[in-house]
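Participant: Chain order of the listed sequences is A and B.
So the numbering used here is basically just the index in the first sequence, starting at one, shifted up by 6.
So the numbering used here is basically just the index in the second sequence, starting at one, shifted up by 528.
Using N, Cα and C, we set each Cβ at its ideal position, and we do this for glycine too.
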Amino acid sequence: MKNVGVFDILGPVMIGPSSSHTAGAVRLGRAARCIMGEDFKKVNFYLHGSFAKTYKGHGTDRALVAGILGMDTDDERIRKSFDIAKERDIEINFIESDLGEVHPNTVKIEFINSNITSYIIGSSIGGGSIAVVNIDGEKVYFTGEYPTLLVKYKDKKGMISKISFAIALGDINIATLKVDRESKGEIATAVIETDNKVNYNIIDEISKLEGVFSVKFIDAI
Amino acid sequence: MFKSAVDVIELTEKYSCRICDIVLMKESKISEKSKDEIRNKVKYTLEVMKQSAESGIDVPIKSVSGIIGGNAKKIEDYRKKGSTVCGDIINKAIARALSCSEVNAAMGKIVACPTAGSCGIVPAAIITSGEIINADEETLIDALLTASGVGQIIAKNATLSGAEGGCQAECGSASAMAAAAIVEMFGGTPKMAFNAAAIALKNILGLVCDPVAGLVEVPCSKRNAMGVVNAMSSADMALAEIESVIPFDEVVSAMYKVGKMLPSELRETALGGLAATPTAIKIAKEINKV
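(1) Whose Cβ in chain A lies nearer than 7 Å to the Cβ of Cys699 (chain B)?
(2) Which residues in the same chain as Met7 (chain A) place their Cβ atom closer than 7 Å to its Cβ, once the five residues preceding and following it in sequence are excluded?
(3) For Ile193 (chain A), collect the residues of the same chain with a Cβ closer than 8 Å to its Cβ; drop the 5 residues on either side in sequence, then sort them by chain order.
(4) Let me check one thing: in DSSP terms, what residues is Leu155 (chain A) bridge-paired to?
(5) Out of curiosity, what's the CA-to-CA distance linking Gly63 (chain A) and Val536 (chain B)?
(6) Checking contacts by CB at 8 Å: is Gly128 (chain A) closer than that to chain B?
(7) For a contact defined as C-beta to C-beta under 9 Å, what are the partners of Asn179 (chain A) on chain B?
(8) State the DSSP-derived secondary structure class of Glu109 (chain A), mapped to helix, strand or coil.
(9) Beta carbons nearer than 7 Å to chain B: which residues of the region 69 to 82 of chain A have them?
(10) Quick one: does Cys641 (chain B) have its CB under 8 Å from some CB of chain A?
(11) Mind checking Pro791 (chain B): buried by the 16 CB within 10 Å criterion, or exposed?
(12) Within 8 Å (strictly less), CB to CB, does Met553 (chain B) reach chain A?
(13) What residues from chain B crowd round Thr149 (chain A), counting only those whose CB sits closer than 7 Å?
(14) Does DSSP classify Cys647 (chain B) as helix, strand or coil?
(15) Taking Cβ positions only, does Ser676 (chain B) come closer than 8 Å to chain A?
(16) Rounded to the nearest angstrom, what separates Ile166 (chain A) and Cys647 (chain B) at their Cα positions?
(17) With H, G and I counted as helix, E and B as strand and the rest as coil, what does DSSP make of Glu565 (chain B)?
(18) Do the region 23 to 36 of chain A and the region 568 to 577 of chain B make contact, defined as three or more Cβ pairs closer than 8 Å?
(19) Rounded C-beta distance between Val113 (chain A) and Gly133 (chain A)? I'm assuming under 8 Å.
(20) Relative to the C-alpha of Glu692 (chain B), which candidate in B:Glu769, B:Thr643, B:Ser583 has its C-alpha closest?
(21) Jot down the residue ranges of each uninterrupted beta strand (DSSP E) in the region 10 to 45 of chain A, minimum 3 residues, whole runs only, in chain order.
(22) Can you tell which of B:Ala600, B:Ser657, B:Gly694, B:Val780 has its C-alpha closest to the C-alpha of Glu793 (chain B)?
(23) With H, G and I counted as helix, E and B as strand and the rest as coil, what does DSSP make of Asn50 (chain A)?
(24) Hey, does Leu155 (chain A) have any beta-carbon neighbour from chain B nearer than 8 Å?
(25) With Arg187 (chain A) as the anchor, note down where its beta strand (DSSP E) starts and where it stops.
(26) Against Ser559 (chain B), what residues of chain A qualify as contacts under a CB-to-CB distance less than 7 Å, listed in chain order?
(27) Within the continuous alpha helix (DSSP H) that includes Glu778 (chain B), where are the two ends?
(28) Kindly list the residues whose CB is nearer than 6 Å to the CB of Glu511 (chain B), restricted to its own chain and excluding five residues on each side of it in sequence; keep chain order.
(29) Does DSSP put Ala726 (chain B) in a helix, a strand or coil?
(30) Ends of the beta strand (DSSP E) at Ala137 (chain A)?
(31) Return the chain-ordered list of same chain residues with a C-beta closer than 7 Å to the C-beta of Asp225 (chain A), the five sequence neighbours on each side being excluded.
(32) In terms of DSSP beta bridges, what is Lys92 (chain A) paired with?
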């Protein structure tokens, strides 16, 4: 088990009432914003399990909206997030759904702007911790506790070595590394959690590698 | 550096210091932050705790669902009238615990300690006990470090989550943390502090998590009031040199095992216990209509 520190017990400082249904929901919204960007006019939230059953009384809906607006878990404006979304002309919808075999506190967040729709699926796994498990249909798993790099590339020999070399050259330590692929020789995705923020130069270096299709950086949430 | 109460007591003997010193030492080493930096961050959590412990007393607060609210102010008004069963200190502590949980249920700012559902116990305990001895801010920060240390041991060896261990894991753990913190604040030894923590946790062993409509309101809020009183009486017993026959580490392990034995209906799913009563079902239906 990971080391438990003073502020894992004494904290987080948060807006109530529930670390999983409120604080975790804010962080899921933030994760969606970090992954899909700030350019959106309409957001659909598909609520699953306990999220679907108790979201009104827990303020899970307001918390999710606060998250996509960029608020943190201790922001006292969370209560008023609906009004703020309205002011910014963002359309919000909540849909109770069955997302299948997922954690009881799971939400699919769909960002829509004029021509593009994209989504993430994430779970609030307890105590305000979250896990992003799907981005646009692709299985991933990261918690947002660390700065995270998502690299899509052609599945072939030596790719991991080149990517990790670029990260090492930038004086960044890799905390965890997970690789998945559609099938042999197809598109692979590496989820790389690092100890420090990955700067633009490193991202640029990786993007330029032959066989790399896309690089996305998500700072610690 | 420490995994159990036995480890902590050994370390306090080795360095002839208190629990809070060991907790601070460990945190500084692991987080690579200075002791001052850590104390400052604890100070911030103390400020949030103080606010949430007072704001529900001054003005009645209503929860988002509307099920609870206004009780912190009620108990304070009642206390001020002067004739109470438990006296000023206990009633003040109850008011503060209720205030924190009402602020939480109204989407206000609180410190999850260890969880949001049990956020009233530690603040009410240390602020109210601190008043008795005119404790300064540094003393309250020490108390929070001690409380955190006790919580860390429970987190490592059992659980702090109601979904996993029932209310005993949330309000029970908060009571144990608060009891140890009070004892150390009152000059008790680390052994006494862990006796208090053991007694407090034993008292709530087996308590189920059965929130009405699945919300952190009923019975959570009043269980926070119960939790602080439990912490204070356990602290007094320990300071009077009463020992816990079962040592703290064994109580923690028993709590974990009891949690595992609880059916899922009684672990935060709102399917059993009070949540399954006719009144609770009626309330849940009304809320979901809104």
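Facilitator: So, to answer that:
(1) Residues of chain A with a Cβ closer than 7 Å to the Cβ of Cys699 (chain B) do not exist, since the nearest Cβ in that chain sits about 14 Å away.
(2) Unreliable positioning characterises Met7 (chain A) in this predicted model, as indicated by a pLDDT of 48, which lies under 50. The coordinate reading is nonetheless provided below. Excluding its 5 nearest sequence neighbours in each direction, Met7 (chain A) has no C-beta neighbour in its own chain below 7 Å.
(3) The answer, listed in chain order, is Lys158, Tyr159, Lys160, Asp161, Arg187, Phe219.
(4) Secondary-structure assignment with DSSP links Leu155 (chain A) through a beta bridge to A:Ile198, A:Phe223.
(5) When rounded, the distance between both Cα atoms is 41 Å.
(6) At a cut-off of 8 Å between C-beta atoms, Gly128 (chain A) does not count as an interface residue with respect to chain B.
(7) The premise fails here: Asn179 (chain A) is roughly 14 Å from chain B at the closest Cβ pair, so nothing lies under 9 Å.
(8) Sequence check: residue 109 (chain A) is His here, not Glu. Annotated three-state conformation of His109 (chain A) is coil, per DSSP.
(9) Per Cβ criterion, the list reads Asp80, Glu82.
(10) With 8 Å as the cut-off, Cys641 (chain B) counts as an interface residue toward chain A.
(11) By the 10 Å Cβ count, Pro791 (chain B) comes out exposed.
(12) At a cut-off of 8 Å between C-beta atoms, Met553 (chain B) does not count as an interface residue with respect to chain A.
(13) Those within 7 Å of Thr149 (chain A) in chain B number zero; the least Cβ separation is about 16 Å.
(14) Judged by DSSP in its simplified three-state form, Cys647 (chain B) adopts coil rather than helix or strand.
(15) Answer yes: the Cβ-Cβ gap between Ser676 (chain B) and chain A drops below 8 Å somewhere.
(16) It is roughly 45 Å from the alpha-carbon of Ile166 (chain A) to the alpha-carbon of Cys647 (chain B).
(17) Helix at Glu565 (chain B).
(18) Flag = no, the region 23 to 36 of chain A and the region 568 to 577 of chain B do not touch.
(19) 17 Å between Cβ atoms; not a contact.
(20) With distances taken between CA atoms, Glu692 (chain B) lies nearest to B:Thr643 out of B:Glu769, B:Thr643, B:Ser583.
(21) 19 to 21, all fully within the region 10 to 45 of chain A.
(22) Nearest of B:Ala600, B:Ser657, B:Gly694, B:Val780 to Glu793 (chain B), Cα basis: B:Gly694.
(23) Assigned with DSSP and collapsed to three states, Asn50 (chain A) falls in strand.
(24) So no, Leu155 (chain A) is outside the interface.
(25) Bounds of the beta strand (DSSP E) holding Arg187 (chain A) are 180 to 187.
(26) Within 7 Å of the CB of Ser559 (chain B), the CB atoms of chain A belong to Gly11, in sequence order along the chain.
(27) That run of the alpha helix (DSSP H) goes 776 to 789.
(28) Summary: the structure shown does not reach residue 511 (chain B), with chain B confined to residues 529 through 818, and so no result is reported for it.
(29) In the three-state reduction of the DSSP assignment, Ala726 (chain B) falls in the helix class, which pools H, G and I.
(30) Ala137 (chain A) -> beta strand (DSSP E) spans 135 to 141.
(31) Cβ neighbours of Asp225 (chain A) beyond the five flanking positions: Cys40, Pro153, Lys203.
(32) Per DSSP, none; premise fails for Lys92 (chain A).
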